[in-house]
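For reference, the structure discussed in these notes is given below.
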Amino acid sequence: MSMTHFLPNLVRRERASRKAMLLAPPLALAAAILLNLALYVLMGRDPAAVVHAMLLEPFLSWSSFSEVLLKTGPLLLIAQGLAIGFRAKVFNIGAEGQFILGAIFASAIPIWFPQATGGWIWPSMLLLGAIGGALWAGITAFWRVRLNANEILVSLMLSLVAAQLLYYLLLGPWKDPNGFNFPQSVMFQYDAMVPTLFAGTRVNVSLLIAIVLSLAAWVFMQKSFMGYKLQVGGLAPRAAGYAGFSEGRAIWLSLLIGGFAAGLAGAAEVAGPLGQLQRSISTGYGYSAIIVAYLGGLHPIGIVVSALVMAAISIGGDNAMVSANLPIAAVRVFQGSLLLAYLVAVAFVRYRLEWPHTTARSQS
Amino acid sequence: MNAVEFILAGMLAAATPFLLAALGELVVERAGVLNLGVEGLMAFGAVIAFIIVYHGGGHFIAFIAAGVCGALLSLVFALIALGFRANQVATGLAIGILGQGLSALFGKSYESLTVKGLPKIGIPGLSDLPVIGGLFTQDIVVWLSLLATLAIWATFAFTKTGLIIRAVGENPKAANAIGYPVIAVRVAAVAFGGMMAGLAGAYASVVYTPLWADGMIAGRGWIAIALVVFGTWLTGRVFLGACLFGAVSLMSLAAQTTGLDVPSQLLSSLPYIVTIIVLGIISADRRLLKLNGVASLGEPFER
């Protein structure tokens, strides 16, 4: 016990600090940037060049900012879906697999009907993709509700299976016969592509859908009774049980919403910037979105901001790979440290530090 | 060598990465902490060990360094999840992402390079037996892992240390009231788990498949976490589970080499599918989980 006398104590605040809640994300971002810059210096890179490439370049031209917007779409969609589950304490971490299944389901239309034309094609692809993602997440929900299995492990394992399923399709039945044996499908026809929003960029309608669904998520979580029940279930499961809110239904709903959103994002990726099903359809969107959801405070509005920030970092990382010779893995290191920094910062929403023997120096 | 001999001979080596990581996570969870960062801790240990062996540092130093680095990274988890009482699920995921990122960063210039593994040591007499002889011809790390399994079993079964760890996991308030330092015990358990995950990663990258490839841990850290559930938090059953997964991953290898007419992707995903199925079967017995589960798992401790 004597050892702990030198360490500050975490003391629970009487009420949650709003100031700490708003300050946590920017402070965490600043801390993560400083930590990672130190790492790049250790690696012998020029920190000024990295800062320029990673943090400024994405905003310096319309063409690179449009790429940020393009990347914001899937992150925003997936994170909104995940956050609803996380608030209900349903930890779906298999969005990556649900994204892949969404891409596969959506691709079925142009691959099976390559000659089809008409304005119905891309909306049907998005819908089918969302259904695919929801079905894949449904397996996890069934395992959790009926078999009592841990949803974290099941959803993650299903992501690994989904990746293998994708490779199977691309190396086997769905491989482009004229594709020089590359693991990719045929290019989709024009009508299978989601319309772009701004001429000369790749930003497409799916960003609008993501924003509309963000508003829907806000209404659902803040205004609807169903959203309220979900949150009570997460905060006080026993109270929710007494009030007659079914835990099973909350799990089904959380996972199906999460899978639907991730599947939609996967569909929009193949029907958008990619235009075909390929091996690298996701650059870890499903995992990045977990960080986006937490960094946005699991709040629909906060997530809009954090999705934009994470997309910018990801585009910035691509820039830094070229101009500052930084390996792309640096983005993963950055994301991991950002979430850790955020988790520390957010502790101060509910706690304050109290130093032993010096009440005057207690800070928040 | 027929398929049975092949699986018997290779099962323990294939099981070792699962076993070491799962034994570590078992101790962590027994103390009431859920560390989901095992995959990243293994990847980190794997790359550290590989770099050391590649530059001629030898396997012994490589394993020590991988264990130390795994423990250090898991102490970051301990600081945030236990010190700042952050959500353990989120903290574990973040450590996993960070560990995988660091391993990719450090391993970038070693991609696809290979090193030499370790020689096999046979038990005289037993290793010459027909069919099962291969089972008794293993490298030194496998033999030590079996000893570690015994030691952890004995710690929980017979020692006061084991009792304290279990008390801290079952009822931290009561453990604290009778004077056990709950947080210190949990930090130590987390560091031990990190060390074991680092060793597991080292075994994967410098002994079992002595080469470096980004993402080579391939979900084995997650399966190790699942193994703790399969084993219902009991050392002996965790060991059996690890052997099962060693056999499954070998079977998918054996089936691929015999040219069985099954897509290789299906065989590669066999361990994941088996995990999902077994997890469903074991978890469906709610009474079993409740009986052996750790009461305060994943919950922060506040006096």
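Protein chains in written order, with the working numbering: chain P, 1 to 364; chain Z, 1001 to 1303.
No residue lacks a Cβ here, since even glycine has one placed at the ideal position from N, Cα and C.
Spatial distance of A250 of chain P from I315 of chain P (CA atoms): 36 Å
Given A53 of chain P as reference, the closest of P:L37, P:G97, P:L42 once Cα atoms are compared: P:L37
Proximity test, Cβ basis, 8 Å: M157 of chain P and chain Z: yes
Residue-chain proximity (N1087 of chain Z, chain P), Cβ-Cβ < 8 Å: yes
Enclosing alpha helix (DSSP H) for E399 of chain P [first to last residue]: Outside the shown range of chain P, which is 1 to 364, sits residue 399 of chain P, and nothing can be said about it.
Straight-line gap, A271 of chain P to V194 of chain P (C-alpha atoms, nearest Å): 6 Å
Whole-angstrom distance between V1228 of chain Z and G1024 of chain Z, CA atom to CA atom: 10 Å
G284 of chain P (DSSP reduced to helix, strand or coil): coil
Beta-carbon proximity of P1210 of chain Z to T1114 of chain Z, cut-off 8 Å: yes
A293 of chain P burial status per 10 Å Cβ neighbour count (16 or more: buried): buried
CB of D46 of chain P within 8 Å of CB of A329 of chain P, strictly: no
Residues of the stretch 1269-1294 of chain Z whose Cβ lies closer than 9 Å to any Cβ of chain P, in chain order: S1269, P1271, Y1272, I1273, T1275, I1276, L1279, G1280, I1281, I1282, S1283, A1284, D1285, R1286, L1289
Residues from the stretch 1104-1121 of chain Z in contact with chain P, defined by Cβ distance under 8 Å: A1104, L1105, K1108
Sufficient close CB pairs (3 or more, under 8 Å) joining the stretch 1036-1044 of chain Z to the stretch 1093-1102 of chain Z: yes
Backbone CA spacing between K371 of chain P and V1206 of chain Z [nearest angstrom]: The structure shown has nothing for residue 371 of chain P, since chain P only spans 1 to 364.
Cβ distance (whole Å) where G1246 of chain Z is taken to contact F1018 of chain Z below 8 Å: 7 Å
From Z:L1267, Z:P1130, Z:W1222, Z:A1295, residue whose alpha carbon lies closest to that of R1030 of chain Z: Z:A1295
G1298 of chain Z in three-state terms, based on DSSP: coil
Cβ separation of S1252 of chain Z and L1267 of chain Z, assumed to be a contact under 8 Å, to the nearest whole Å: 4 Å
Residues of the stretch 134-149 of chain P with Cβ closer than 7 Å to any Cβ of chain Z, in chain order: W143, L147, N148, A149
Neighbouring residues, chain P, relative to T1091 of chain Z (Cβ below 9 Å): L339, L340, L343
Simplified DSSP assignment, three categories, for E1306 of chain Z: As displayed, chain Z neither begins before 1001 nor continues past 1303, which places residue 1306 of chain Z out of reach and without an answer.
Collapsed DSSP secondary structure at Y1180 of chain Z in the structure displayed: coil
Residue-level contact to chain Z via CB, G258 of chain P, 8 Å cutoff: no
Residue environment, Y1203 of chain Z, which counts as buried when at least 16 other CB atoms sit within 10 Å: buried
Three-state secondary structure assigned by DSSP to D191 of chain P: helix
As assigned by DSSP and simplified to three states, the class of N148 of chain P: coil
Neighbour list for F188 of chain P in chain Z, Cβ cutoff strictly below 8 Å: Near F188 of chain P there are no residues of chain Z at all, since even the closest Cβ is about 23 Å away, more than 8 Å.
Contacts of L1234 of chain Z in chain P (Cβ-Cβ under 8 Å): What L1234 of chain Z touches in chain P: nothing, since even the nearest Cβ is about 17 Å away.
Counted within 10 angstroms of its Cβ, other Cβ atoms place G119 of chain P as buried (16 or more) or exposed: exposed
Beta-carbon proximity check, L1291 of chain Z vs I1132 of chain Z, cutoff 8 Å: no
Other residues of its chain near L1288 of chain Z: CB distance less than 8 Å, five sequence neighbours each side excluded: T1232, I1282
Residues within the stretch 1220-1245 of chain Z neighbouring chain P, beta-carbon criterion of under 7 Å: W1222, I1225, A1226, V1229
Terminal residues of the beta strand (DSSP E) in which L353 of chain P lies: 351-354
L1126 of chain Z, buried or exposed, once every other Cβ within 10 Å from all chains shown has been counted against 16: exposed
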